[in-house]
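Student: Dropping a structure here in C-alpha cells format, bear with me for questions.
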Amino acid sequence: MALLNNPSLNIGWVKGHVGVLGKETADKLAKQATIRGEIHYFLATKSYLKNLLHKVSINKWQQEWATGDTGRTIYNISPKVITNPVPWTRESILFATRHGSFPSYLRKFNLHHSDLCACGEVGTSFHYATTCYLTTSYYFTKPSKNLTSIWWRNTLNNKLSRFKIINLVSFLTENGNLIIPQYEQNNTSDVDSSSDAETFSPSTR
1 MALLNNPSLN IGWVKGHVGV LGKETADKLA KQATIRGEIH YFLATKSYLK
51 NLLHKVSINK WQQEWATGDT GRTIYNISPK VITNPVPWTR ESILFATRHG
101 SFPSYLRKFN LHHSDLCACG EVGTSFHYAT TCYLTTSYYF TKPSKNLTSI
151 WWRNTLNNKL SRFKIINLVS FLTENGNLII PQYEQNNTSD VDSSSDAETF
201 SPSTR
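Heads up: the sequence shown runs through residues 1 to 205, numbered per full-length UniProt numbering.
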C-alpha cells in the first residue's frame with residue numbers, strides 16, 4: 001500500500017561494509033579470531049561419519065575393481081561399482097561370465113574333451129549369441145571387433161536383451177547333446193571299449 005501511495009523510490013549504495021558499524025565490527029572480530037582465537041573442535045555426528053565411511057569404502061572398492069586382475073569380463077560390462085544388485089538372472093550371469101554349458105568353459109575345467117561347438121567353432125557364449133547356425137533363433141547382431149566391449153555392456157544392461165539371453169541359455173542347457181559333440185574314442189586307446197562314445201551333458205559350476 002505504501003508503494004501505491006508513494007511510488008517514488010530512493011536507492012542508496014554502500015561500498016562494502018564501509019560506514020556500517022555493525023558489519024565493520026564483525027569484520028574486525030573475524031580478523032582477530034584468525035590470529036588470537038582458539039580453535040574449537042566438535043564431535044562429528046553419527047550420520048556424518050556413516051556417510052564419510054561409505055564414500056571411503058566405495059572409493060577403495062572402485063580402485064581395487066579398476067586395477068584388479070580377476071573379474072575382467074564383468075568389469076568390461078560394469079566398470080563402476082554399485083551397491084544395488086544388478087537385475088541379472090542366473091542365465092544372464094552364466095552368459096556374462098562365460099560359465100555354464102559352453103564347450104569353452106567345460107574344456108577349461110576338463111569336463112569335456114574339446115572346446116568346439118558341434119558346428120566346428122569355439123563354443124563360447126558370444127559364439128552362440130552371434131554366429132552359431134544352431135542358435136539362429138536367438139541371434140544378436142554381431143558387433144565389429146573394436147565394439148565388442150560396448151556390445152557386451154549394452155546387451156547385459158538392456159531388459160529385452162536379457163530376456164533373449166535367458167531363452168538362449170535355457171535352449172543350450174536343454175539341448176546339450178545337440179550343441180556339444182560326442183566324444184569319439186581313439187581306436188588305439190587302452191580305455192575299455194564301452195567308453196567309445198562318452199556323452200557330456202551340460203553342467204554349470
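We treat Cβ as the ideally placed atom computed from N, Cα and C, and that holds for glycine.
(1) Sorted by chain position, which residues of the same chain lie with C-beta nearer than 6 Å to residue 162's C-beta, five sequence neighbours on each side aside?
(2) For residue 149, which residues in the same chain have their Cβ closer than 7 Å to its Cβ, ignoring the five residues on either side in sequence?
(3) Under 8 Å, with one C-beta from each stretch per pair, do the region 100-116 and the region 129-137 reach the 3-pair mark?
(4) Check for me: the alpha helix (DSSP H) holding residue 79 runs from which residue to which?
(5) So residue 138 and residue 164 are in contact, right, with Cβ under 8 Å, and what is the actual spacing, rounded?
(6) What number of angstroms, rounded off, separates the C-alpha of residue 71 from the C-alpha of residue 36?
(7) Look at residue 102 and residue 123 and say whether their C-beta atoms are less than 8 Å apart.
(8) In whole angstroms, give me the CA-to-CA distance for residue 106 and residue 58.
(9) Can the beta-carbon of residue 156 be found less than 8 Å from the beta-carbon of residue 96?
(10) Can the beta-carbon of residue 98 be found closer than 8 Å to that of residue 136?
(11) Who are the near neighbours of residue 104 in its chain, counting only those whose CB is closer than 6 Å to its CB and skipping five residues on each side?
(12) Could you have a look at residue 111 and say whether DSSP puts it in helix, strand or coil?
(13) Do residue 86 and residue 61 have their C-beta atoms closer together than 8 Å?
(14) Distance check for residue 169 and residue 90, CA to CA, integer angstroms please.
(15) My understanding is that residue 180 touches residue 112, with C-beta atoms under 8 Å, so please give their C-beta distance in whole angstroms.
Tutor: Taking the definition as stated:
(1) As a first step, residue 162 must be located in the sequence shown, where it is residue number 162. Here the set comprises 92.
(2) The sequence position of residue 149 within the sequence shown is 149, counting from 1. 76, listed in sequence order.
(3) Too few Cβ pairs lie closer than 8 Å, so no.
(4) For the purposes of this step, residue 79 is taken as residue 79 along the sequence shown, with counting starting at 1. DSSP places residue 79 outside any alpha helix (DSSP H), giving it a letter other than H or E.
(5) Locating residue 138 in the sequence shown gives position 138, where the first residue counts as 1. Locating residue 164 in the sequence shown gives position 164, where the first residue counts as 1. Cβ-Cβ separation between residue 138 and residue 164: approximately 6 Å, consistent with a contact (criterion under 8 Å).
(6) The count along the sequence shown starts at 1 and reaches residue 71 at position 71. The count along the sequence shown starts at 1 and reaches residue 36 at position 36. C-alpha separation (whole angstroms): 56 Å.
(7) Locating residue 102 in the sequence shown gives position 102, where the first residue counts as 1. Locating residue 123 in the sequence shown gives position 123, where the first residue counts as 1. Result yes, Cβ atoms of residue 102 and residue 123 sit closer than 8 Å.
(8) For the purposes of this step, residue 106 is identified with residue 106 of the sequence shown, where counting begins at 1. For the purposes of this step, residue 58 is identified with residue 58 of the sequence shown, where counting begins at 1. Between the C-alpha atoms of residue 106 and residue 58 there is a straight-line separation of about 35 Å.
(9) Working through the sequence shown from its first residue, we reach residue 156 at position 156. Working through the sequence shown from its first residue, we reach residue 96 at position 96. Taking 8 Å as the Cβ cut-off, residue 156 and residue 96 qualify as a contacting pair.
(10) As a position in the sequence shown, residue 98 is number 98, starting the count at 1. As a position in the sequence shown, residue 136 is number 136, starting the count at 1. Not closer than 8 Å, so no.
(11) For the purposes of this step, residue 104 is identified with residue 104 of the sequence shown, where counting begins at 1. Closer than 6 Å at Cβ, skipping near neighbours: 115, 122, 123 and 124.
(12) Locating residue 111 in the sequence shown gives position 111, where the first residue counts as 1. Coil.
(13) As a first step, residue 86 is located in the sequence shown; it is residue number 86 there, counting from the start. As a first step, residue 61 is located in the sequence shown; it is residue number 61 there, counting from the start. In this structure, the beta-carbon distance from residue 86 to residue 61 does not fall below 8 Å.
(14) Here residue 90 refers to the residue found at position 90 of the sequence shown. Here residue 169 refers to the residue found at position 169 of the sequence shown. The alpha-carbon atoms of residue 90 and residue 169 are separated by roughly 10 Å.
(15) Here residue 180 refers to the residue found at position 180 of the sequence shown. Here residue 112 refers to the residue found at position 112 of the sequence shown. Their Cβ separation, rounded to whole angstroms, is 6 Å, which keeps residue 180 and residue 112 in contact under 8 Å.
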